[in-house]
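Colleague:
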Amino acid sequence: MIINHPHWSSDLTIPRSVYVHVPFCRHRCGYCNFTLVANRDEWVEGYLNAIEKEISAVNVGMPAPQEVDTVFLGGGTPSHLSADQLERLIYILTNKFLFASEIEFSIEANPNDITAEKVELLSSLGVNRFSLGVQSFNSKKLQTLERDHDAQVVRDAIDTIRKRVADISIDLIIGSPGETLESWQNDLDDVLSINPTHISTYSLTIEKGTQFWNRWNRGDLNEVSEDSAADYYETGIDFLTNNGFDHYEVSNFSRYGFRCRHNENYWLGKSYYGFGPGAASYIDGMRGMNHRSTSRYLQLVQSGQSPTVESELVDAEASAREKLIFGLRRIQGIDVNAYREETGYTVFELAEKDMNRLLVQKLLELEDQTLRLTRSGLLVSDSIWPLFL
Amino acid sequence: MKQIRNFCIIAHIDHGKSTLADRLIQVCGGVSLRDLHDQMLDSMDIERERGITIKSNTISLDYKAKNGNDYLLNLIDTPGHVDFSHEVRRSLMACEGALIIVDASQGVEAQTVANLYLALEHDLELLPVINKIDLPSADVERAREAIDAELGLDPLEAIPVSAKAGIGIEEVLEGIVERLPSPTGDPDAPLKALIFDAHFDKYRGVILQCRVMEGTLRPKDTIHFMHANRDFTVDELGYNQFKLVPKTQLQAGEVGYIVAGVKSVQDIEIGDTITLLDRPADEPIPGYQEAKQVVFSSIYPMSTDQYVDLTKALDKLAINDAALTYEKDSSAALGFGFRCGFLGLLHLDVVQERIQREFDIGLVISAPSVKYILELTDGSTVEVDNPSYWPEPMTIQSASEPYIKASILTPESYVGPVMELCREHRSESQTMNYLSAGRIEVISEMPLGEVLFDFYGKLKMITRGYGSFDYEPIEYRKTDVVKVDILVNKEPVDTLSYLVHREKARTRALHYCERLAKEIPRHQFKIPIQGVIGGNVIARTTIAPFRKDVTEKLYGGDVTRKKKLLEKQKKGKAKMKQFGSVNIPQKAFVSVLRADND
Numbered sequence: 365m366i367i368n369h370p371h372w373s374s375d376l377t378i379p380r381s382v383y384v385h386v387p388f389c390r391h392r393c394g395y396c397n398f399t400l401v402a403n404r405d406e407w408v409e410g411y412l413n414a415i416e417k418e419i420s421a422v423n424v425g426m427p428a429p430q431e432v433d434t435v436f437l438g439g440g441t442p443s444h445l446s447a448d449q450l451e452r453l454i455y456i457l458t459n460k461f462l463f464a465s466e467i468e469f470s471i472e473a474n475p476n477d478i479t480a481e482k483v484e485l486l487s488s489l490g491v492n493r494f495s496l497g498v499q500s501f502n503s504k505k506l507q508t509l510e511r512d513h514d515a516q517v518v519r520d521a522i523d524t525i526r527k528r529v530a531d532i533s534i535d536l537i538i539g540s541p542g543e544t545l546e547s548w549q550n551d552l553d554d555v556l557s558i559n560p561t562h563i564s565t566y567s568l569t570i571e572k573g574t575q576f577w578n579r580w581n582r583g584d585l586n587e588v589s590e591d592s593a594a595d596y597y598e599t600g601i602d603f604l605t606n607n608g609f610d611h612y613e614v615s616n617f618s619r620y621g622f623r624c625r626h627n628e629n630y631w632l633g634k635s636y637y638g639f640g641p642g643a644a645s646y647i648d649g650m651r652g653m654n655h656r657s658t659s660r661y662l663q664l665v666q667s668g669q670s671p672t673v674e675s676e677l678v679d680a681e682a683s684a685r686e687k688l689i690f691g692l693r694r695i696q697g698i699d700v701n702a703y704r705e706e707t708g709y710t711v712f713e714l715a716e717k718d719m720n721r722l723l724v725q726k727l728l729e730l731e732d733q734t735l736r737l738t739r740s741g742l743l744v745s746d747s748i749w750p751l752f753l
Numbered sequence: 340m341k342q343i344r345n346f347c348i349i350a351h352i353d354h355g356k357s358t359l360a361d362r363l364i365q366v367c368g369g370v371s372l373r374d375l376h377d378q379m380l381d382s383m384d385i386e387r388e389r390g391i392t393i394k395s396n397t398i399s400l401d402y403k404a405k406n407g408n409d410y411l412l413n414l415i416d417t418p419g420h421v422d423f424s425h426e427v428r429r430s431l432m433a434c435e436g437a438l439i440i441v442d443a444s445q446g447v448e449a450q451t452v453a454n455l456y457l458a459l460e461h462d463l464e465l466l467p468v469i470n471k472i473d474l475p476s477a478d479v480e481r482a483r484e485a486i487d488a489e490l491g492l493d494p495l496e497a498i499p500v501s502a503k504a505g506i507g508i509e510e511v512l513e514g515i516v517e518r519l520p521s522p523t524g525d526p527d528a529p530l531k532a533l534i535f536d537a538h539f540d541k542y543r544g545v546i547l548q549c550r551v552m553e554g555t556l557r558p559k560d561t562i563h564f565m566h567a568n569r570d571f572t573v574d575e576l577g578y579n580q581f582k583l584v585p586k587t588q589l590q591a592g593e594v595g596y597i598v599a600g601v602k603s604v605q606d607i608e609i610g611d612t613i614t615l616l617d618r619p620a621d622e623p624i625p626g627y628q629e630a631k632q633v634v635f636s637s638i639y640p641m642s643t644d645q646y647v648d649l650t651k652a653l654d655k656l657a658i659n660d661a662a663l664t665y666e667k668d669s670s671a672a673l674g675f676g677f678r679c680g681f682l683g684l685l686h687l688d689v690v691q692e693r694i695q696r697e698f699d700i701g702l703v704i705s706a707p708s709v710k711y712i713l714e715l716t717d718g719s720t721v722e723v724d725n726p727s728y729w730p731e732p733m734t735i736q737s738a739s740e741p742y743i744k745a746s747i748l749t750p751e752s753y754v755g756p757v758m759e760l761c762r763e764h765r766s767e768s769q770t771m772n773y774l775s776a777g778r779i780e781v782i783s784e785m786p787l788g789e790v791l792f793d794f795y796g797k798l799k800m801i802t803r804g805y806g807s808f809d810y811e812p813i814e815y816r817k818t819d820v821v822k823v824d825i826l827v828n829k830e831p832v833d834t835l836s837y838l839v840h841r842e843k844a845r846t847r848a849l850h851y852c853e854r855l856a857k858e859i860p861r862h863q864f865k866i867p868i869q870g871v872i873g874g875n876v877i878a879r880t881t882i883a884p885f886r887k888d889v890t891e892k893l894y895g896g897d898v899t900r901k902k903k904l905l906e907k908q909k910k911g912k913a914k915m916k917q918f919g920s921v922n923i924p925q926k927a928f929v930s931v932l933r934a935d936n937d
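Residue numbers (this note's numbering), protein chains in the order written: chain P, 365 to 753; chain U, 340 to 937.
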């Protein structure tokens with residue numbers, strides 16, 4: 365037993381990552397259960413005021429501006445805002461935060477929203493990474509997913525972005541209703557032909573509260589089988605790694621040097637700010653979550669109250685357990701020595717008898733002091749995590 | 340002396356027995372409206388939820404009839420299930436009459452008929468009541484036809500009521516007074532009183548419910564239990580009127596309670612006859628049947644540290660449940676537990692559910708078994724009801740198992756399937772008796788062990804609920820029994836072992852394997868499930884490993900949500916029992932014991 369556990373997590377440092385949730389969309393897609401509002405553009409001004417107020421309340425008394433390494437504008441659809449609105453949002457951020465010279469500044473965008481003017485503006489304001497919600501290159505699949513673009517729109521958007529910004533990530537959805545191995549392979553071929561720096565693939569999950577859920581409940585929507593979903597997922601991993609992408613996290617692939625540092629920060633259990641409705645933050649060992657309803661968020665902030673409606677103090681052991689679980693999502697795994705240095709715990713004392721079994725069953729492997737998921741472990745990783753809690 | 344009527348209410352589940360009882364109580368002023376909980380007589384939670392009565396209750400009501408006389412109406416409640424048929428019999432023995440409730444929209448159901456026959460057997464006068472006449476679907480005339488055709492009672496005597504709406508309650512009370520007979524008996528004869536129920540009260544000890552048949556009982560008398568052969572001195576006696584109302588005597592015809600320093604229900608026999616030690620009756624009231632445990636099963640706490648709690652829970656239950664027996668048992672997989680004896684499967688169910696609900700102890704139960712008698716090759720004889728103590732097959736010279744005479748009442752149209760069902764359950768002979776109104780009694784001699792494995796459920800299914808079933812043990816007969824072990828991922832799970840006739844071994848083993856394959860969640864690896872006799876595999880299934888179980892999207896905002904989800908999953912795991920590296924949920928142990936609900 366190790367004594368001298370730090371009482372709180374080791375991340376007492378001021379966060380160096382900022383997430384801003386932009387909840388606006390043109391349309392709510394059938395599979396989406398994110399925090400967003402569609403067709404409420406008249407709320408944008410109020411939203412920007414609220415963001416400004418929320419951000420200004422952070423670390424009052426600290427010498428401003430604070431330096432940050434990563435900024436992520438997520439949504440919703442941040443690109444749905446007008447150029448002026450985006451400019452104001454970014455000014456709000458630069459008022460409080462100083463962008464480090466190596467800043468990674470990402471924005472999520474709908475290919476339809478991409479114009480030379482917007483790209484020009486965003487890039488001049490420091491945005492250096494675009495994450496495009498492409499989902500597929502197949503028109504039929506895009507229709508099923510209720511996306512309002514097609515393959516040509518995507519290609520045009522990428523050409524436009526590339527004139528100013530090199531780091532482009534593309535999101536793909538695996539296993540949309542009606543997906544076959546062939547249609548998925550076509551998407552993989554297409555994405556490779558575009559040659560982005562980064563790719564995220566997500567199997568479609570039918571979540572409560574979505575249109576898809578209702579349709580699925582009525583029997584109007586066929587989910588792909590578990591076996592097919594596994595096949596497609598593995599096909600994607602093999603294809604992308606064979607073509608020079610680094611599979612660095614469960615769902616994420618990058619060209620060398622283009623991992624998403626903002627997201628790595630999450631998996632490493634480091635601290636971060638989060639602003640906007642539904643945004644999460646992790647500051648001084650305290651996890652906070654803002655109200656998920658946009659209107660309620662606006663009300664709370666306008667009336668001078670905190671929009672954070674859930675919070676949880678993560679003690680040293682819980683933080684160590686989180687770091688084990690979320691750290692193993694990174695395919696490179698966890699350096700067990702560095703882990704012990706950082707958390708004060710060994711991975712073995714936290715997992716007790718299960719660790720041995722997982723190693724024997726080859727769901728985990730330990731090599732050169734690095735603990736990582738095997739391929740079969742990766743595929744069933746959700747059944748492993750509860751053992752570490 | 341007041342005029343007395345002793346009666347019970349016979350009804351199918353949900354036909355409103357408890358509601359009618361409440362109304363009768365209310366009209367007679369037995370309890371103020373404010374104190375009138377819904378369905379007063381069914382006091383246990385399980386009874387209310389399942390709509391069945393397990394323990395009887397008794398209430399004495401004062402009623403001033405239209406003829407100007409005061410009456411004392413003793414309502415004696417009856418349990419409603421075959422496992423407790425001896426309790427029904429005891430309750431009926433305390434009565435002269437019964438109300439038979441028929442649902443105005445659903446007509447006559449099997450349980451009503453079964454209990455009606457029991458009531459006729461005890462020479463009870465019957466008064467039909469048509470309930471729920473306030474429902475839109477009520478059809479009183481059809482209900483009258485059913486009373487005539489299916490119950491063989493006078494349809495014109497039936498009283499239409501709505502217990503819920505309070506319609507016709509006075510008429511029922513008048514009917515009880517006018518049409519049910521008053522008790523007979525000689526108050527000066529030697530005492531003969533039937534103990535038809537008892538319950539434990541933490542302040543007063545056991546409170547006995549009795550019906551005095553002959554003679555008179557007074558405080559300070561020394562009573563003698565004729566079957567149990569034990570003596571107690573009466574401290575107090577009186578009427579049950581929601582509170583106990585002490586009296587100076589109970590005499591022939593009366594129903595009341597006795598407090599006599601009895602410490603536990605286990606000390607006496609319910610159904611026993613009491614008499615006076617100094618002036619005993621010649622013989623007890625006929626019809627006494629000892630409560631006999633015929634089903635044995637081991638129960639273990641889900642988590643081994645709850646063993647002490649389980650011990651306390653059983654001690655508490657047994658104080659009130661004379662029919663429950665238990666002794667310490669242990670399992671390689673589950674640690675310490677108890678081997679329990681039950682009256683039947685429902686009794687097992689009820690005990691198990693009460694332990695879980697009232698004492699919050701999760702249980703794992705082993706397959707119920709009968710008691711086998713084995714002659715060993717060394718000439719000795721052993722009784723075995725627990726697979727763990729099954730001797731080496733080589734050492735068994737011969738085995739025998741208990742047989743019953745089952746009596747099944749069914750509408751004529753289902754006779755074929757019922758006979759078939761009996762044959763499937765190794766019935767050795769079936770005979771038929773034609774009863775009235777197209778109903779047939781099938782008498783079947785069959786092994787008791789065969790009715791333990793969901794015979795009743797199947798009977799209900801093939802007769803669409805109209806079949807009813809009762810049985811009495813007859814004798815032990817030679818049999819060919821084997822012990823089947825169940826291996827999960829190559830490891831035997833000792834609580835899943837069971838004893839079964841060789842012919843049935845494979846089918847049952849396959850059922851076990853399939854049920855387990857359904858209830859055990861997929862794991863990260865392939866799990867073979869096998870049924871084996873000795874070293875021979877007789878059935879197998881495999882649980883395929885899951886292929887994909889992975890959260891693909893996990894970023895800052897998802898961490899808290901994901902952690903909550905993981906914690907929930909972890910709790911779910913805690914409800915499972917781990918065998919080797921396989922988690923078996925508690926409900927898997929229950930599901931293998933059921934043949935229905937597919």
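No residue lacks a Cβ here, since even glycine has one placed at the ideal position from N, Cα and C. Predicted, not measured: the structure shown is a model, and the values here were computed from it.
DSSP on I694/U, reduced to helix/strand/coil?
Modeller: helix
Colleague: What distance in whole Å lies between the Cβ atoms of T555/U and Q588/U, which are believed to be in contact at a cut-off of 8 Å?
Modeller: About 5 Å separates the beta carbon of Q588/U from that of T555/U, a gap short enough to meet the 8 Å contact definition.
Colleague: Quick one: which chain P residues come within Cβ less than 7 Å of Q917/U?
Modeller: Within 7 Å Cβ-Cβ: nothing; Q917/U doesn't reach chain P, min ~10 Å.
Colleague: Any contact of the stretch 798-814 of chain U with the stretch 718-732 of chain U, i.e. 3+ C-beta pairs under 8 Å?
Modeller: no
Colleague: Around the C-beta of Y620/P, are 16 or more other C-beta atoms found within 10 angstroms, so that it is buried, or is it exposed?
Modeller: exposed
Colleague: With a threshold of 7 Å on Cβ separation, who are the neighbours of R845/U within its own chain once the five nearest residues in sequence on each side are excluded?
Modeller: I877 and A878
Colleague: Between which two residues does the alpha helix (DSSP H) holding Y815/U run?
Modeller: Not the alpha helix (DSSP H): Y815/U falls in the beta strand (DSSP E), residues S807 to T818.
Colleague: So, is D409/U buried or exposed, given that buried needs 16 or more other C-beta atoms within 10 angstroms?
Modeller: exposed
Colleague: Residues of chain U with a CB under 7 Å from the CB of N627/P: which are they?
Modeller: Y894
Colleague: How long is the line joining the alpha carbons of D617/U and L547/U, rounded to whole angstroms?
Modeller: D617/U and L547/U have their C-alpha atoms roughly 20 Å apart.
Colleague: Do you know how far the Cα of L673/U is from the Cα of T834/U?
Modeller: 8 Å
Colleague: Just checking my contact of C347/U with L400/U at CB under 8 Å: how many whole Å lie between their CB atoms?
Modeller: The Cβ separation is near 13 Å, so there is no contact.
Colleague: Would you mind stating whether G661/P and A414/P have Cβ atoms separated by less than 8 Å?
Modeller: The identity of residue 661/P in the sequence shown is Tyr, whereas the question assumes Gly. Yes, the Cβ-Cβ distance between Y661/P and A414/P is below 8 Å.
Colleague: Does the stretch 646-658 of chain P touch the stretch 905-919 of chain U, meaning 3 or more C-beta pairs lie closer than 8 Å?
Modeller: no
Colleague: What's the C-alpha gap between Q736/U and G610/U?
Modeller: One C-alpha to the other measures close to 39 Å.
Colleague: Using only the alpha-carbon positions, how far apart do V690/U and V757/U sit?
Modeller: So the alpha carbons of these two residues sit roughly 30 Å apart.
Colleague: Please specify which runs of the alpha helix (DSSP H), each continuous and at least 4 residues long, are wholly inside the stretch 708-767 of chain U, giving them in chain order.
Modeller: Runs found: 754-763.
Colleague: Establish whether the CB of K909/U and some CB of chain P are separated by less than 8 Å.
Modeller: So yes, K909/U belongs to the interface.
Colleague: Give the secondary structure of I378/P by DSSP, where H, G and I count as helix, E and B as strand, and everything else as coil.
Modeller: Coil at I378/P, not helix or strand.
Colleague: In this structure, does DSSP put Q666/P in helix, strand or coil?
Modeller: helix
Colleague: Return the chain-ordered list of same chain residues with a C-beta closer than 8 Å to the C-beta of L753/P, the five sequence neighbours on each side being excluded.
Modeller: Closer than 8 Å at the Cβ level, and outside the excluded window around L753/P, lie R685 and I689.
Colleague: If distances are taken between C-alpha atoms only, which option among K744/U, V790/U and V754/U comes closest to I782/U?
Modeller: K744/U
Colleague: Quick one: which unbroken beta strand (DSSP E) runs of 3-plus residues sit fully inside the stretch 577-609 of chain U? Chain order, please.
Modeller: Here the runs fully enclosed are 582-585 and 594-598.
Colleague: Less than 7 Å between C-beta atoms, sequence neighbours within five positions excluded: which residues of the same chain meet that for A682/P?
Modeller: none
Colleague: Would V424/P be called buried (16 or more neighbouring beta carbons within 10 Å of its own) or exposed?
Modeller: V424/P comes out exposed.
Colleague: Are the Cβ atoms of N345/U and P522/U separated by less than 8 Å?
Modeller: yes
Colleague: Quick check on the DSSP output: the beta strand (DSSP E) that includes S488/P runs from which residue to which?
Modeller: S488/P -> not in any beta strand (DSSP E); alpha helix (DSSP H) instead, spanning A480 to S488.
Colleague: Check the Cβ-Cβ distances between K912/U and every residue of chain P, and say whether any is below 8 Å.
Modeller: yes
Colleague: Provide the residue(s) that pair with V827/U in DSSP beta bridges, ordered along the chain.
Modeller: E830/U and I868/U
Colleague: Using a Cβ-Cβ cut-off of less than 8 Å, list which residues of the stretch 670-685 of chain P approach chain U; keep chain order.
Modeller: E674 and E676
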